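The sequence shown runs -19 to -1, 1 to 459 under mature numbering (1 follows the signal peptide of the UniProt record, and there is no 0).
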Amino acid sequence: MSRFVWLVLALGCTPGARAASAGASHSCVVLVGGKIKCWGENYWGQVGQNDNLVRGDDASDMGDSLPYVPLGEFEASLVASGSEFSCALAVDGAVKCWGRNSSGQLGLGDNETRGGQDDAFEMGDNLPVLDLGTGVAVESIALAGSHACAVLADGNLKCWGENEGGQLGLGDTLTRGNAMGQMGDNLPFVDLGDEVLVSSVALGARHTCAVVGDGDVKCWGNNDGGQLGYEDTAARGIAVGQMGDLLPAVDLGTKQRAIAVAAGFFHTCALLYTGDIKCWGFGSNGQLGQGSNASIGNAVDSMGDNFGPVDLGADRTAIAVSLGGTHSCAALDDSTVKCWGGNSVGSLGLGDSLNRGLGPGEMGDNLPTVGLSFGPGLGAASNVFAGRFHTCVSGAEGGLACFGLNAGGQLGSGSDETNIGDEPGEVKELTSIDLGAGEVVSVPDAPGLGVALEGQTSPPHGSDAGREVVNVVCISEL
């Protein structure tokens, strides 16, 4: 299959389709017209307002009171959120990043934050566009803890920021982007093999995975929990001779191909062409959905046909998958959402704080769907995206409701409750987030089976005057 055909099949299912994203404790959306709004924790300026004020934990913060991120003459097509930083891609291919910059993750050749209270004149037109090289056209961007990657229009991949685990895929552990002369043409392409083209990329805390070629998955970086899927715990990408054609494809099973891949803290999931989901890496919270706390991918004979897909219930298939730090979620073909794994703050949306996926009988038809009412303003569930410890679900009527950890206002609920969703009835009572009057989130068409990778989206299904329309699928950006 050619790259062109792959992109047609996956349109609306790649990072280039992203119109919203979730970071560790903040969230962002792109509105029609190319403006961006962000809310949540803002200690490092990740909300981009030249201050450090939390937004979203009080009703007066949201709606028309929530300002646009000042990016100057910049029409955004997508937004991505890392742990404490954000980046946006413009319709003309320019990329701008703001927030924390301790490891050069903003790609500006220094370690200075942008967007905080001490950065009064560093946003807007004063915020530089990233230099990713001569003649480079950026197709999509993805962020994680403290590193970032850009998929280029020619199928190449560039990554920068923290590299302690080899997550940049450059055969060393040197940080990129924190000193002059490291970006632009001096930033190497990630070598994934001769004539291997990248369709999409997902970033975990310190590992990176890409869908390449006809649906193969390749992963590199930290591998303490087997999250790379190579039946060992050895890191890849930290030394010469580990990348390129020497980096194997992950064994997904006989004749299995991936539509997309998603990354959490220390686990990874692939959405397959069949609509099945397979997950590997750390399983301590049940996030692999196998009914145990065992890890997968860290030992011989643990991958491929040696483990089955996540049991989503009788005759159920997934149309989207999204990973948080220690939890996993899927939007299903019957317009419901199921989540499993870590649930100490209610991030599974089940009205309790019990983990799911740890024991026999917890998955399949025994795993409840997310408890949203999907009443007026939401409608039936259409998509899901997960932040580090929170989750948002979009509805067919264009609404968006979020639950889980809210310590930084990342749920956008206008409430200062620390958690929403760990008590009975809380999730059912949630209503759509108020993002302002007369605004519509910019989302493309999403034909057929798809998954949102690191924050991508599907189309809204209608809007009402005076209500923000959001219909978003995101993979966790940690």
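Cβ coordinates follow ideal geometry from the N, Cα and C atoms, glycine included. Keep in mind that this is a model prediction, so the values were computed, not measured.
Buried versus exposed call for residue i [16 or more other C-beta atoms within 10 Å across all chains shown]
| i | result |
| --- | --- |
| M161 | exposed |
| V10 | buried |
| P290 | buried |
| V182 | buried |
| Y211 | buried |
| E22 | buried |
| N324 | buried |
| T399 | exposed |
| V281 | exposed |
| G368 | buried |
| K259 | buried |
| T235 | exposed |
| D296 | exposed |
For residue i, the residue or residues it bridges with in DSSP
| i | result |
| --- | --- |
| W261 | T249 |
| K319 | A311 |
| W141 | A129 |
| N364 | S375 |
| V193 | V179, D197 |
| W20 | S8 |
| Y49 | K18 |
| V302 | A311 |
| R217 | G202 |
| A123 | C130 |
| A1 | V10 |
| A295 | Bridge partners of A295: none, in fact. |
| L89 | None; L89 has no bridge partner. |
Residue i beta carbon near the ligand GTP (any heavy atom closer than 7 Å)
| i | result |
| --- | --- |
| D32 | As far as ligands go, the structure on display features none, and thus does not contain the ligand GTP. |
Cα-Cα separation between residue i and residue j, rounded to whole angstroms
| i | j | result |
| --- | --- | --- |
| L383 | E407 | Looking at the sequence provided, one finds Cys at residue 383 rather than Leu. Cα to Cα, C383 sits roughly 11 Å from E407. |
| L138 | S180 | 9 Å |
| F170 | C140 | 8 Å |
| F55 | K319 | 37 Å |
| L155 | E145 | 7 Å |
| D42 | V221 | 49 Å |
| H248 | F263 | 6 Å |
| P405 | G332 | 4 Å |
| E143 | C190 | 16 Å |
| N203 | G278 | 13 Å |
| Q148 | H128 | 8 Å |
| residue 463 | D45 | The requested residue 463 is not part of the displayed model; the chain covers only -19 to 459. |
| G225 | T372 | 35 Å |
| D403 | G90 | 42 Å |
| residue 462 | G63 | In the structure displayed, the chain extends from -19 to 459; residue 462 sits before or after that span and is not available. |
| L47 | G15 | 16 Å |
| L313 | Q163 | 43 Å |
| S276 | A311 | 20 Å |
| V453 | S375 | With a pLDDT of 29 at V453, under the threshold of 50, the predicted position of this residue should be treated as unreliable, and no value is reported. |
| H7 | A57 | 18 Å |
| G327 | F370 | 8 Å |
| G26 | D257 | 38 Å |
| Q355 | S396 | The amino acid occupying residue 355 in the given sequence is Phe; Gln does not appear at that position. Cα-Cα distance, rounded: 20 Å. |
| L227 | L178 | 15 Å |
| L209 | H188 | 8 Å |
| L386 | C19 | 17 Å |
| A123 | D232 | 24 Å |
| A131 | S334 | 36 Å |
As assigned by DSSP and simplified to three states, the class of residue i
| i | result |
| --- | --- |
| L227 | helix |
| S6 | coil |
| G345 | helix |
| S396 | coil |
| A418 | coil |
| residue 474 | Lying before the first or after the last residue shown, residue 474 is absent from the chain, which here runs from -19 to 459. |
| G105 | helix |
| G80 | strand |
| C202 | Before going further, note that residue 202 is Gly rather than Cys in the sequence given. Strand, per DSSP. |
| S62 | strand |
| A244 | strand |
| A160 | coil |
| S325 | coil |
| A71 | strand |
| A40 | helix |
Is there contact between the stretch 339 to 359 and the stretch 278 to 288, where contact requires at least three CB pairs shorter than 8 Å? no
Would you call the stretch 94 to 105 and the stretch 118 to 138 touching, i.e. three or more CB-CB distances under 8 Å? no
At least 3 beta-carbon pairs within less than 8 Å: the stretch 35 to 49 vs the stretch 65 to 77: no
Looking at C-beta atoms only, is the number of pairs between the stretch 358 to 366 and the stretch 342 to 349 that lie closer than 8 Å three or more? no
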